[in-house]
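There are 2 protein chains.
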Amino acid sequence: MKYDLSKKPTRGAQRTLYAFSHTAMALLAQKPFEDINVNEICNQSNFPRATFYNYFDDKYDLVNYVWYLLAKDVGIDDVSALAKNDDLLLIYFDRLYDLFEHNSRLLDSILKHNEANGTLLNSFTRYLRDTIHRVFTDHFGHMKFRIPVELMVDQCCYTVMMLLEWIFLKQQPTTKAQAHQYLAILISDPDMVVVPSAASPRPDQTAGK
Amino acid sequence: MKYDLSKKPTRGAQRTLYAFSHTAMALLAQKPFEDINVNEICNQSNFPRATFYNYFDDKYDLVNYVWYLLAKDVGIDDVSALAKNDDLLLIYFDRLYDLFEHNSRLLDSILKHNEANGTLLNSFTRYLRDTIHRVFTDHFGHMKFRIPVELMVDQCCYTVMMLLEWIFLKQQPTTKAQAHQYLAILISDPDMVVVPSAASPRPDQTAGK
DNA sequence: GTGAAACTTATACAAGTGTCTAAATTTAAT
DNA sequence: ATTAAATTTAGACACTTGTATAAGTTTCAC
Numbered sequence: 001m002k003y004d005l006s007k008k009p010t011r012g013a014q015r016t017l018y019a020f021s022h023t024a025m026a027l028l029a030q031k032p033f034e035d036i037n038v039n040e041i042c043n044q045s046n047f048p049r050a051t052f053y054n055y056f057d058d059k060y061d062l063v064n065y066v067w068y069l070l071a072k073d074v075g076i077d078d079v080s081a082l083a084k085n086d087d088l089l090l091i092y093f094d095r096l097y098d099l100f101e102h103n104s105r106l107l108d109s110i111l112k113h114n115e116a117n118g119t120l121l122n123s124f125t126r127y128l129r130d131t132i133h134r135v136f137t138d139h140f141g142h143m144k145f146r147i148p149v150e151l152m153v154d155q156c157c158y159t160v161m162m163l164l165e166w167i168f169l170k171q172q173p174t175t176k177a178q179a180h181q182y183l184a185i186l187i188s189d190p191d192m193v194v195v196p197s198a199a200s201p202r203p204d205q206t207a208g209k
Numbered sequence: 210m211k212y213d214l215s216k217k218p219t220r221g222a223q224r225t226l227y228a229f230s231h232t233a234m235a236l237l238a239q240k241p242f243e244d245i246n247v248n249e250i251c252n253q254s255n256f257p258r259a260t261f262y263n264y265f266d267d268k269y270d271l272v273n274y275v276w277y278l279l280a281k282d283v284g285i286d287d288v289s290a291l292a293k294n295d296d297l298l299l300i301y302f303d304r305l306y307d308l309f310e311h312n313s314r315l316l317d318s319i320l321k322h323n324e325a326n327g328t329l330l331n332s333f334t335r336y337l338r339d340t341i342h343r344v345f346t347d348h349f350g351h352m353k354f355r356i357p358v359e360l361m362v363d364q365c366c367y368t369v370m371m372l373l374e375w376i377f378l379k380q381q382p383t384t385k386a387q388a389h390q391y392l393a394i395l396i397s398d399p400d401m402v403v404v405p406s407a408a409s410p411r412p413d414q415t416a417g418k
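As given, the protein sequences belong to chains A and B, one line each in that order. Taking the numbering used here, the leading residue of the first sequence gets 1, the next gets one more, and so forth. Taking the numbering used here, the leading residue of the second sequence gets 210, the next gets one more, and so forth.
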């Protein structure tokens, strides 16, 4: 991304970012990502190509920004709502479940023109996986497992995303409750946990702070 | 792929396929995939662009063919060597482990210029995942689990590939034996299996046809 | 060794990509 | 309101991509 999202954007920058991301979503709902080009995005947005390249490296960069917006919308990074030791896995699963549900209109349209495991939707699930990977790494970092922590974290991320892809991209309607059961079976954490950082036998009960 | 791999290639076609794939591997070991373009591939191969496009759709198609060659080399699809009910998971894990090891020179060079989870190496792991997905779908199709078969298959594929990526792309040296232990922990199949197609309680002991 | 099929090649083309310039405009702080 | 800094913009540029044509060459089965 050429534009620095960390600084406060000017009004003009906000308009521009909004216009491009809005156009991107509209186009993604209409045709395959492969068939969308930068000229088209610029025409629909009423901005010249030069402006596009002031903000984004390329069209891949733009959709990534779209994913960022969707994730922000559902408060993916909101740490404040976390009780000390809720099962982070379920909390993040639920947030992502909500994200997929909130955007089911858009996603369903996208699915009509793009393979569920094509470049576009891959970049989406990849974005989300990377996001929770950061969180999980922080959270599990202190714990000990029968396998290396990194593997454990990867396993959690892959499994969560695999399940969400199955439900929402391969369109296998599944309630949250049912999904939680699947998760519990797929990630048999009691088997894996050896010692949380403090001293208690199970991380999700007493290991706070 | 424009060229039909199922028919027997002429001598000329063999030469051409060899030249392009050979060049591809050489270039991949030298520089980032993003920096390689079709002209360059053609110059190094001493074939005109037109010939390249007789065989491949684009450079992504070419690397995919390279993955195909590597996988073929290690006999990934060889069904003959399978005892009735060996644990397919371990067998295929081992084959892929061998594949990574056989090509560790190439892969290490590639890793110097390409992110372990960038476009290029993603296309590699993706290719392998899809390959074992087909096998596992056949094999697990008959069985019943506490979760939908599709999920079970996905879980197996993702976990196997995740582990291999960890060992060979994130470069965490691990013996086969150790990896088998990790696998057993990550995929706790006794927990999941309910009923194999026939009647026995465990699929890997007596369920053979 | 001949001939039909398969493959190669030179060349041209339309379209898209990403960068760069210098002039015009907007912005936010005074 | 003024102004210096930051952005936007039109236009041009070099480069890559993928397709298409039609003339040449190689291949393999007979």
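Think of the CB as a built atom: it goes at the ideal place given N, C-alpha and C, for glycine as much as any other residue.
DSSP on residue i, reduced to helix/strand/coil?
{"i": "K2 (chain A)", "result": "coil"}
{"i": "K281 (chain B)", "result": "helix"}
{"i": "F353 (chain B)", "result": "Reading off the sequence, residue 353 (chain B) comes out as Lys, not Phe. DSSP places K353 (chain B) in strand when its eight states are reduced to three."}
{"i": "T232 (chain B)", "result": "helix"}
{"i": "G327 (chain B)", "result": "coil"}
{"i": "S409 (chain B)", "result": "Because the pLDDT of S409 (chain B) is 41, which lies under 50, any placement of that residue in the model is unreliable, and the question is left without a value."}
{"i": "N246 (chain B)", "result": "coil"}
{"i": "Q387 (chain B)", "result": "helix"}
{"i": "Q155 (chain A)", "result": "helix"}
{"i": "V404 (chain B)", "result": "The pLDDT assigned to V404 (chain B) is 47, lower than 50, so where the model puts this residue is not dependable, and the model offers no usable value."}
{"i": "I396 (chain B)", "result": "coil"}
{"i": "L291 (chain B)", "result": "coil"}
{"i": "D138 (chain A)", "result": "helix"}
{"i": "A238 (chain B)", "result": "coil"}
{"i": "K112 (chain A)", "result": "helix"}
{"i": "K268 (chain B)", "result": "helix"}
{"i": "Q223 (chain B)", "result": "helix"}
{"i": "Q171 (chain A)", "result": "coil"}
{"i": "N46 (chain A)", "result": "coil"}
{"i": "N263 (chain B)", "result": "helix"}
{"i": "N64 (chain A)", "result": "helix"}
{"i": "D94 (chain A)", "result": "helix"}
{"i": "D87 (chain A)", "result": "coil"}
{"i": "D339 (chain B)", "result": "helix"}
My guess is that residue i and residue j are in contact by the Cβ rule of under 8 angstroms, so how many angstroms apart are they, rounded?
{"i": "C366 (chain B)", "j": "F333 (chain B)", "result": "14 angstroms between Cβ atoms; not a contact."}
{"i": "T16 (chain A)", "j": "Y55 (chain A)", "result": "6 angstroms"}
{"i": "A280 (chain B)", "j": "T340 (chain B)", "result": "6 angstroms"}
{"i": "Q364 (chain B)", "j": "T174 (chain A)", "result": "Contact doesn't hold; Cβ gap of about 15 angstroms is too wide."}
{"i": "Y227 (chain B)", "j": "N273 (chain B)", "result": "Not really, about 16 angstroms apart at Cβ, beyond 8 angstroms."}
{"i": "L186 (chain A)", "j": "I356 (chain B)", "result": "7 angstroms"}
{"i": "P32 (chain A)", "j": "H113 (chain A)", "result": "5 angstroms"}
{"i": "M234 (chain B)", "j": "V288 (chain B)", "result": "Not a contact, Cβ separation roughly 27 angstroms."}
{"i": "K268 (chain B)", "j": "I245 (chain B)", "result": "7 angstroms"}
{"i": "D237 (chain B)", "j": "Q253 (chain B)", "result": "For clarity, residue 237 (chain B) is Leu in the given sequence; the question names Asp instead. Incorrect: roughly 12 angstroms between the Cβ atoms, too far for contact."}
{"i": "A81 (chain A)", "j": "K170 (chain A)", "result": "Wrong, their Cβ atoms sit about 30 angstroms apart, outside the cutoff."}
If you check the beta carbons only, do residue i and residue j fall under 8 angstroms apart?
{"i": "L198 (chain B)", "j": "I319 (chain B)", "result": "Lying before the first or after the last residue shown, residue 198 (chain B) is absent from chain B, which here runs from 210 to 418."}
{"i": "K211 (chain B)", "j": "D282 (chain B)", "result": "no"}
{"i": "V153 (chain A)", "j": "F168 (chain A)", "result": "no"}
{"i": "D303 (chain B)", "j": "K216 (chain B)", "result": "no"}
{"i": "R129 (chain A)", "j": "M161 (chain A)", "result": "yes"}
{"i": "W166 (chain A)", "j": "E243 (chain B)", "result": "no"}
{"i": "S188 (chain A)", "j": "S397 (chain B)", "result": "yes"}
field: the region 374 to 391 of chain B touching the region 299 to 309 of chain B, judged by at least three CB pairs closer than 8 angstroms
entry: Touching, yes.
task: Kindly confirm or deny that the region 39 to 52 of chain A and the region 99 to 109 of chain A touch, where touching means at least three C-beta pairs closer than 8 angstroms.
output: Verdict: no, contact absent.
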